[in-house]
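Structure record follows, encoded as structure tokens.
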Amino acid sequence: MGINRGLNGVWAYVRSAPGTYVWLGILFVTTVALHHMPPEFEEHFLRHRSTNIHELSRSPVRVLVTSAMWIESGHWVPYAFLYTVFHAPAERWLGTARWLAVCALAHVLASLISEAMLLAAIRQGMAPPAAVYTLDIGVSYALAGVSAVLVYRIAAPWRYAYLLAVLAVCVLPLAAGPSFTDVGHFLAVLLGLACCPLVRGRGKAWNPKETLAALRG
11 MGINRGLNGV WAYVRSAPGT YVWLGILFVT TVALHHMPPE FEEHFLRHRS TNIHELSRSP
71 VRVLVTSAMW IESGHWVPYA FLYTVFHAPA ERWLGTARWL AVCALAHVLA SLISEAMLLA
131 AIRQGMAPPA AVYTLDIGVS YALAGVSAVL VYRIAAPWRY AYLLAVLAVC VLPLAAGPSF
191 TDVGHFLAVL LGLACCPLVR GRGKAWNPKE TLAALRG
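Add 10 to the 1-based position in the sequence shown for the working numbering, that's all there is to it.
Now the structure itself:
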């Protein structure tokens, strides 16, 4: 009985965030596919689906979509955890359409802006010409944007501590020696914060203090 109740609770949670778990399911399938590819073919395969300058100049819509369906590292379990912690609560709070809008804005604009900055660096001689083929694939920009928009889900003053944590995660790599991907993550966080209009009318902000008080009875 207890196991069935637990499974029903898990299934109810999954159904409450359909977009998150459909996406996660696609990532599971593509990750399994990657593990069955020869290493020499895998890099070529992913590069063709990468939002690098070369592929964006040829087929921007295709690579912006396909790049969000693969995980370069090949490790799916950490993303299952991150999707459950960040994407699922955001989708349940915002609704699937608004959540998807945040994901799309962060993924698309962070990809395009960071690649435009890389192109400028190549033209100025600050990056090698071969950088137009740099592998840039994955779901991290959307994840960064959704993590940022959750700032508005948390009541003050707790939200400021969460905001500092989100900023620290993306700013520290910039300070240590930034890559264009690090810049993309920072841009995605800013884009997530800029989605403030999408959170209006989505209910009262979550107060951790009230939750703790309820748990204590």
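We put the beta carbon where it would ideally sit given N, CA and C, even for glycine.
Spatial neighbours of residue i in its chain, beta-carbon cut-off 6 Å, leaving aside the 5 residues before and after
i     : result
His97 : Thr30 and Val156
Contact belief for residue i with residue j at Cβ below 8 Å, rounded distance in angstroms
i      : j      : result
His58  : Glu65  : 7 Å
Val159 : Val209 : 7 Å
Tyr162 : Cys206 : 6 Å
Ala154 : Cys180 : 6 Å
Tyr89  : Leu128 : Not confirmed; about 25 Å, so no contact.
Selected residue, minimal CA-CA separation from residue i, among the options
i      : options                          : result
Phe55  : Ser77, Ser67 and Val39           : Ser77
Ala116 : Leu92, Pro99, Gly35 and Val149   : Val149
Ala178 : Leu200, Phe190 and Ile164        : Leu200
Val24  : Phe91, Ser60, Ile81 and Leu145   : Phe91
Ser189 : Ala175, Pro167 and Leu145        : Leu145
Pro28  : Met79, Pro99 and Val118          : Pro99
Trp33  : Pro183, Val75, Lys219 and Ala131 : Val75
Thr5   : Gly105, Pro138 and Trp80         : Outside the modelled stretch of the chain, which goes from 11 to 227, sits residue 5, for which no answer is possible.
Gly35  : Ser26, His45, Trp86 and Ala22    : Trp86
Trp216 : Gly187, Trp168 and Asp192        : Trp168
Gly202 : Arg108, Glu82, Gly16 and Val20   : Arg108
Glu101 : Ala185, Glu220 and Ser26         : Ser26
Glu292 : Ser60, Ala204 and Pro138         : The structure shown does not extend to residue 292, since the chain is modelled only from 11 through 227, so no value can be given for it.
Arg72  : Gly105, Gly84, Val118 and Pro183 : Val118
Ala126 : Gly84, Ser67 and Lys214          : Ser67
Cβ-based neighbour list, residue i, same chain, cut-off 7 Å, excluding 5 preceding and 5 following
i      : result
Met47  : Phe55
Gly194 : Ala120, Ser121, Ser124 and Tyr151
Trp103 : Arg163 and Arg212
Leu110 : Gly29
Tyr143 : Arg57, Asn62 and His64
8 Å Cβ cutoff, residue i in contact with chain D
i      : result
Ala152 : Absent from the structure is chain D; it holds one protein chain and no more.
Beta-carbon contacts of residue i that lie in its chain and below 8 Å, excluding the five residues immediately before and after
i      : result
Glu52  : Leu44
Tyr172 : Leu160, Val161 and Ile164
Task: Segments of 4+ residues assigned as alpha helix (DSSP H) that fall wholly inside the region 35 to 105 - done: List check, alpha helix (DSSP H) in window: 49 to 58, 63 to 68, 70 to 76, 87 to 92 and 98 to 104.
TODO: Ignoring anything shorter than 4 residues or poking outside the region 103 to 156, list the alpha helix (DSSP H) runs there in chain order.
DONE: Within the region 103 to 156, the complete alpha helix (DSSP H) segments of 4 residues or longer fall at 106 to 133, listed in chain order.
Task: alpha helix (DSSP H) runs contained entirely in the region 164 to 189, provided each spans 4 or more residues - done: List check, alpha helix (DSSP H) in window: 168 to 186.
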